[in-house]
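Engineer: First residue of the sequence shown? That's 0 in numbering that gives the first Met the number 0, and the numbers climb one at a time after it.
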Amino acid sequence: MFRPLAFRRLASAIVVAGTLLESGVVVAQDGEEDAATDSADAGKPAADSLKNSAWTKIEQDAEKGYKEPLKAGAGFDAAAREFVVRKAMPQLANDANKPIIDRVRRRMREILLGGITDDRAFEDASKAVAESALAIARNGEASRAARVNAALLIGELRAKDGKDGTVWTPAASLLAGIAGDAAVDPSVRVAAMSGLVRHADAARRAGGDAAGEFTKTARPAILAIVAEPAAAEQTTVNDWLASRALSLVTTVVKSSPKELAATLVGVMNDSTRSLDVRIRAAAALGATATPKSEIQAVEAVGSIQALAVAAIEADEAILRDRRYEQQLGGGGAGGGGGTKMLPMMNMRPPGGGPGMPGGLPGMPGAAVSQLVPEQALRRTAWRLVTLANAILTDDEKVGVATLLSGEDKDNSKAYAELYREHGLAIDKDRNDDALIKALAALRPDEEAPVAAAAGGDPTAPEAGAKPADDSDPFSGK
């Protein structure tokens, strides 16, 4: 079964973790905190060089002077606020805590907000924590580790019951403000956006007023990020921000006005953007385009088709590189576990388009091992199904093709069916053969995709085509 959401979450976790690690921050996933902390503490010597006496004193002082009154039902008074604002929260920016910053951040939420019985006191305490964290996150003189963890803390604030998956609703506006501010360090924006995504998930689950309030709060920031030009520096971080914002477009917008639709088309056609960002822009456009969006639907479908070819060619490049490496290393003809026969074919793009010319290197019928990693194939499957839905969903209710009629709509529908068919096949089989079949179907010549969807033979050789020299990776020029 195709699981695009699971893959997107995995990919997002990898990118966020990588970004925060670059900032000198180690982040445990929500729900893994206690186990991670216990495991780490269990292996530490009695004289722990990473233990900061200032933070240890905060933990000790919190038990009686701060937590006990609040657990007993007391209000969040001036003394409690003084402890939060003047003593506890500044520990996020204490350089001595940097080696244990993730533990400090998690313990702050537990110590400062856990066990408060009075509703008003809980809201006041949460507000004090959030506002203090916001000040650190926006403080250009604080370390990046402190700022990132401050933004993460805001996103990790929970409802009073403290259950996993809940959020402290007022934090959404703070997170949106950080994420949507182009002047803020991109790593801090990523941390804020990860929290905003958590709020979006909670709002979708709750529905009703909660969903409407989130839309009102987050829409300006989401649309501002979508409209930001591609960055010349820190492209990975900025790509992640754009991808997350584009994935939230359908949460905050039901139908694209003319300006937003034009922006989405522009992102989709921007070759300086990553393929993932462009595909998410296509998905957002397909899900929100209406006649009032005033887009050129035929041209938009053509752009989506080009993205589908680019998506499949990304894996073709892996096939070429690894097959050639195998040849150079003396492989390609031997046995061994997990080998298969790779059929050879002419993979010339229609009209001399992008991509390496000629067939895959290697002799026809050479036995090779699986070359394209499974995760890359899952990514390609998600890309093809996402682009299929951008053109026309399976129920034919949503997609750019709904703006078309007659032959244009029929042809667009055929492409959507083709991409969906091969995306699902790749996700099911997850092997090179499924990829090669998709390559043959998606771009053997100008007319094959429509013919294939109608039951034609996409693997038939092109009339008059000159066979490629399979032993030469640069043949077929």
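Positions of the beta carbon are idealized from the N, C-alpha and C atoms, including for glycine.
What residue range is occupied by the uninterrupted alpha helix (DSSP H) comprising P68?
Structural biologist: The count along the sequence shown starts at 1 and reaches residue 68 at position 69. 67-70 is the span of the alpha helix (DSSP H), which, as asked, contains P68.
Engineer: Give the secondary structure of I57 by DSSP, where H, G and I count as helix, E and B as strand, and everything else as coil.
Structural biologist: Within the sequence shown, the letter at position 58 stands for residue 57. Helix, per DSSP.
Engineer: Jot down the residue ranges of each uninterrupted alpha helix (DSSP H) in the stretch 145-219, minimum 4 residues, whole runs only, in chain order.
Structural biologist: DSSP runs (the alpha helix (DSSP H)) wholly in the stretch 145-219: 170-178, 185-205.
Engineer: Going straight from the alpha carbon of V397 to that of A77, what length do you get?
Structural biologist: Your numbering for residue 397 matches position 398 in the sequence shown. Your numbering for residue 77 matches position 78 in the sequence shown. Roughly 55 Å between the two C-alpha positions.
Engineer: Of all the options G72, D432, L195, D426, which has the alpha carbon lying nearest to the alpha carbon of A244?
Structural biologist: Taking the first residue of the sequence shown as 1, we reach residue 244 at position 245. The shortest Cα separation from A244 among G72, D432, L195, D426 belongs to L195.
Engineer: If we ignore side chains and look at the alpha-carbon of each, how far apart do T401 and A132 end up?
Structural biologist: Locating residue 401 in the sequence shown gives position 402, counting from the first residue. Locating residue 132 in the sequence shown gives position 133, counting from the first residue. For T401 and A132, the distance between alpha carbons rounds to 46 Å.
Engineer: Assign G285 to one of three DSSP states: helix, strand, or coil.
Structural biologist: Taking the sequence shown and counting its residues from 1, one reaches residue 285 at position 286. Helix.
Engineer: Going by beta carbon distance, what residues of the same chain come within less than 8 Å of R108, once the five residues before and after it are set aside?
Structural biologist: As a position in the sequence shown, residue 108 is number 109, starting the count at 1. These residues qualify, in order along the chain: V128, L152, E155, L156, R157.
Engineer: For I311 versus L386, is the C-beta spacing smaller than 7 Å?
Structural biologist: Within the sequence shown, numbered from 1, the residue matching residue 311 stands at position 312. Within the sequence shown, numbered from 1, the residue matching residue 386 stands at position 387. Their beta carbons are not under 7 Å apart, which means I311 does not touch L386 by this criterion.
Engineer: Quick one, are the C-beta atoms of I100 and A144 less than 7 Å apart?
Structural biologist: For the purposes of this step, residue 100 is identified with residue 101 of the sequence shown, where counting begins at 1. For the purposes of this step, residue 144 is identified with residue 145 of the sequence shown, where counting begins at 1. The answer is yes: Cβ separation under 7 Å.
Engineer: What's the gap between the Cα of N93 and the Cα of I57?
Structural biologist: For this step, residue 93 is matched to residue 94 along the sequence shown. For this step, residue 57 is matched to residue 58 along the sequence shown. Their backbone Cα atoms lie some 13 Å apart in a straight line.
Engineer: Under the assumption that T250 contacts A286 (Cβ atoms under 8 Å), give the Cβ distance between them as a whole number of angstroms.
Structural biologist: Within the sequence shown, numbered from 1, the residue matching residue 250 stands at position 251. Within the sequence shown, numbered from 1, the residue matching residue 286 stands at position 287. Not quite, the Cβ-Cβ distance comes to about 10 Å (not below 8 Å), so this is no contact.
Engineer: Can you have a look at N138 and say buried or exposed, based on whether 16 or more other CB atoms are within 10 angstroms of its CB?
Structural biologist: Numbered from its first residue, the sequence shown carries residue 138 at position 139. The residue in question, N138, is exposed, as its Cβ has fewer than 16 Cβ neighbours within 10 Å.
Engineer: Given this structure, state the Cα-to-Cα distance separating Q66 from R119, to the nearest angstrom.
Structural biologist: Against the sequence shown, residue 66 aligns to sequence position 67. Against the sequence shown, residue 119 aligns to sequence position 120. Looking at the sequence provided, one finds Lys at residue 66 rather than Gln. Computed Cα separation, rounded: 15 Å.
Engineer: Excluding sequence positions up to five away, which residues of its chain have a Cβ less than 7 Å from the Cβ of V371?
Structural biologist: Within the sequence shown, the letter at position 372 stands for residue 371. The residues are D314, I317, L318, D431, L434.
Engineer: Can you look up R321 in the DSSP assignment and give me helix, strand or coil?
Structural biologist: Residue numbering aside, residue 321 sits at position 322 when the sequence shown is read from its first letter. Three-state DSSP puts R321 in a helix.
Engineer: Do the stretch 223-235 and the stretch 201-213 touch if we need at least three Cβ pairs shorter than 8 Å?
Structural biologist: No contact exists between the stretch 223-235 and the stretch 201-213.
Engineer: Does DSSP put P290 in a helix, in a strand, or in coil?
Structural biologist: On the sequence shown, residue 290 is found 291 positions in, with the first residue counted as 1. Residue state, collapsed to three classes: helix.
Engineer: Taking contact to mean 3 or more Cβ pairs, one atom from each stretch, closer than 8 Å, check whether the stretch 374-388 and the stretch 416-425 are in contact.
Structural biologist: Cβ pair count under 8 Å is three or more, so yes.
Engineer: Rounding to the nearest angstrom, what Cα-Cα distance links V236 and T379 in this structure?
Structural biologist: Residue 236 sits at position 237 when you count from the first residue of the sequence shown. Residue 379 sits at position 380 when you count from the first residue of the sequence shown. Cα to Cα, the separation comes out at about 21 Å.
Engineer: Please name the residue in R197, I177, A178, R146 whose C-alpha comes closest to that of D163.
Structural biologist: Counted from its first residue, the sequence shown places residue 163 at position 164. That would be R197, whose Cα lies nearest to the Cα of D163.
Engineer: Between the C-alpha atoms of T289 and D393, what's the straight-line distance to the nearest angstrom?
Structural biologist: Residue mapping note: residue 289 aligns to position 290 of the sequence shown, counting from 1. Residue mapping note: residue 393 aligns to position 394 of the sequence shown, counting from 1. Near 18 Å, if we compare the C-alpha coordinates of D393 and T289.
Engineer: Could you say which of I115, S242, A71, A413 lies nearest to R272 if we only look at CA atoms?
Structural biologist: For the purposes of this step, residue 272 is taken as the residue at position 273 of the sequence shown. Out of I115, S242, A71, A413, S242 has the C-alpha closest to the C-alpha of R272.
Engineer: Three-state secondary structure (DSSP) at K253?
Structural biologist: In the sequence shown, the residue the question calls residue 253 occupies position 254. If DSSP states are grouped into helix, strand and coil, K253 belongs with coil.
Engineer: To the nearest angstrom, how far is it from the Cα of P219 to the Cα of G422?
Structural biologist: Along the sequence shown, one-based indexing puts residue 219 at 220. Along the sequence shown, one-based indexing puts residue 422 at 423. Cα to Cα, P219 sits roughly 34 Å from G422.
Engineer: For W167, I'd like the list of residues in its chain whose CB is within less than 7 Å of its CB, leaving aside the five on either flank, ordered along the chain.
Structural biologist: As a working mapping, residue 167 is identified with position 168 in the sequence shown. S125, L156, R157, A158, listed in sequence order.
Engineer: Hey, quick one: how far does the alpha helix (DSSP H) through M107 stretch, first residue to last?
Structural biologist: Taking the sequence shown and counting its residues from 1, one reaches residue 107 at position 108. From DSSP, the alpha helix (DSSP H) with M107 extends over 100-112.
Engineer: Spatial neighbours of L403 within its chain, please: CB distance less than 8 Å, with the 5 preceding and 5 following residues excluded, ordered by chain position.
Structural biologist: As a working mapping, residue 403 is identified with position 404 in the sequence shown. These residues qualify, in order along the chain: A296, V297, V300, S411.
Engineer: I need the DSSP call for Q374, collapsed to helix, strand or coil.
Structural biologist: Taking the first residue of the sequence shown as 1, we reach residue 374 at position 375. Helix, per DSSP.
Engineer: Residues in its own chain within less than 8 Å of P256 by CB, not counting five upstream and five downstream?
Structural biologist: As a position in the sequence shown, residue 256 is number 257, starting the count at 1. For P256, where only same-chain residues beyond five positions count, the Cβ hits under 8 Å are K291, S292.
Engineer: Measure from the alpha carbon of D238 to the alpha carbon of each residue in R85, S186, Q325, then state which is nearest.
Structural biologist: Translated into the one-based positions of the sequence shown, residue 238 becomes position 239. The shortest C-alpha separation from D238 is found at S186.
Engineer: When the distance is taken between beta carbons, is S246 closer than 7 Å to R277?
Structural biologist: Numbered from its first residue, the sequence shown carries residue 277 at position 278. Numbered from its first residue, the sequence shown carries residue 246 at position 247. Not a contact, by the Cβ cut-off of 7 Å.
Engineer: I think L259 touches V252, with their Cβ atoms under 8 Å apart; what is that distance to the nearest whole Å?
Structural biologist: As a working note, residue 259 is residue 260 in the sequence shown. As a working note, residue 252 is residue 253 in the sequence shown. Going by Cβ atoms, the distance from L259 to V252 rounds to 7 Å, so yes, they are a contact pair.
Engineer: Apart from the five residues just before and just after D33, which ones in its own chain have a Cβ nearer than 6 Å to its Cβ?
Structural biologist: As a position in the sequence shown, residue 33 is number 34, starting the count at 1. Unreliable placement is indicated for D33, whose pLDDT of 38 sits below 50; the coordinate value is still reported in the next sentence. Nothing meets the Cβ criterion.
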